[in-house]
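> Quick note on numbering: UniProt numbering labels position 97 of the sequence shown as 97, and the sequence is numbered without any gaps.
Every residue gets a Cβ at the ideal spot worked out from N, C-alpha and C, and that includes glycine.
On a predicted model such as this, the values are computed, not experimentally measured, just so you know.
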Amino acid sequence: MTKLKSALDLTQELIRFNTINPPGNEKPCADYLGEILESAGFFVSYHDFAEDRTSLVARAGDGSKPPLCFTGHIDTVPLGAMKWSKDPLAAHIEDNRLYGRGSSDMKSGVAAFVFAMVELMPHLKNTPGVVLVITAGEETGCEGAFELVKQGDVLGEAGAIIV
1 MTKLKSALDL TQELIRFNTI NPPGNEKPCA DYLGEILESA GFFVSYHDFA EDRTSLVARA
61 GDGSKPPLCF TGHIDTVPLG AMKWSKDPLA AHIEDNRLYG RGSSDMKSGV AAFVFAMVEL
121 MPHLKNTPGV VLVITAGEET GCEGAFELVK QGDVLGEAGA IIV
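1. Using the Cβ count rule (16 or more neighbours within 10 Å means buried), how would you classify Pro88?
2. Please report the straight-line C-alpha distance between Ala81 and Pro22, rounded to a whole angstrom.
3. Roughly how many angstroms separate the alpha carbons of Phe146 and Asp95, rounded to a whole number?
4. Go to Cys29, then tell me how far its alpha helix (DSSP H) extends in each direction, as first and last residue.
5. Determine which residues share a DSSP beta bridge with Phe43 and list them.
6. Taking contact to mean at least 3 C-beta pairs separated by less than 8 Å, is the segment 135–144 in contact with the segment 69–83?
7. Whose C-beta lies closer than 6 Å to the C-beta of Lys27 among residues of the same chain, with five residues either side of it excluded?
8. Please report the residue range of the beta strand (DSSP E) in which Phe70 lies.
9. Who are Asp48's beta bridge partners in DSSP?
10. Would you give the residue range spanned by the alpha helix (DSSP H) that Val154 belongs to?
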């Protein structure tokens, strides 16, 4: 795997995935994040609630105690009626501002915790660790999260949750 340069670069990559919900189509974005996390040593599981509607759960650590959990979503709201001054999927930076659908809700947050945990991975192996819950379908009713709960044993216990 190519080493991630920064959380900003990862955010730009995530914005370029069209995950506007509906229809969502989060699978390619979830697969991309899963590859990054697996390459870093995380155990990753994928969970679909519909075709191309994929959430993922990534774990690291020894499981000796409930882990710290980070959660976020990768779908975005529709573009709306207003005309965009920049391509909403280009992840353009101008005057130190990032433009793109999902740049604030919530692809930047997902990129930040994924980048941070990949960087910290060497220190997580002999700790209770972390679990990263990255969901699809949050913008239209949290379908991805509900599917994870419905599956029963996917989420497990968490020591604390950061959203």
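Well, looking at it:
1. buried
2. 15 Å
3. 39 Å
4. Lys27 to Ala40
5. Arg59
6. yes
7. Asp52 and Thr54
8. Leu68 to His73
9. Thr54
10. It is not in any alpha helix (DSSP H) - Val154 carries neither H nor E in the DSSP assignment.
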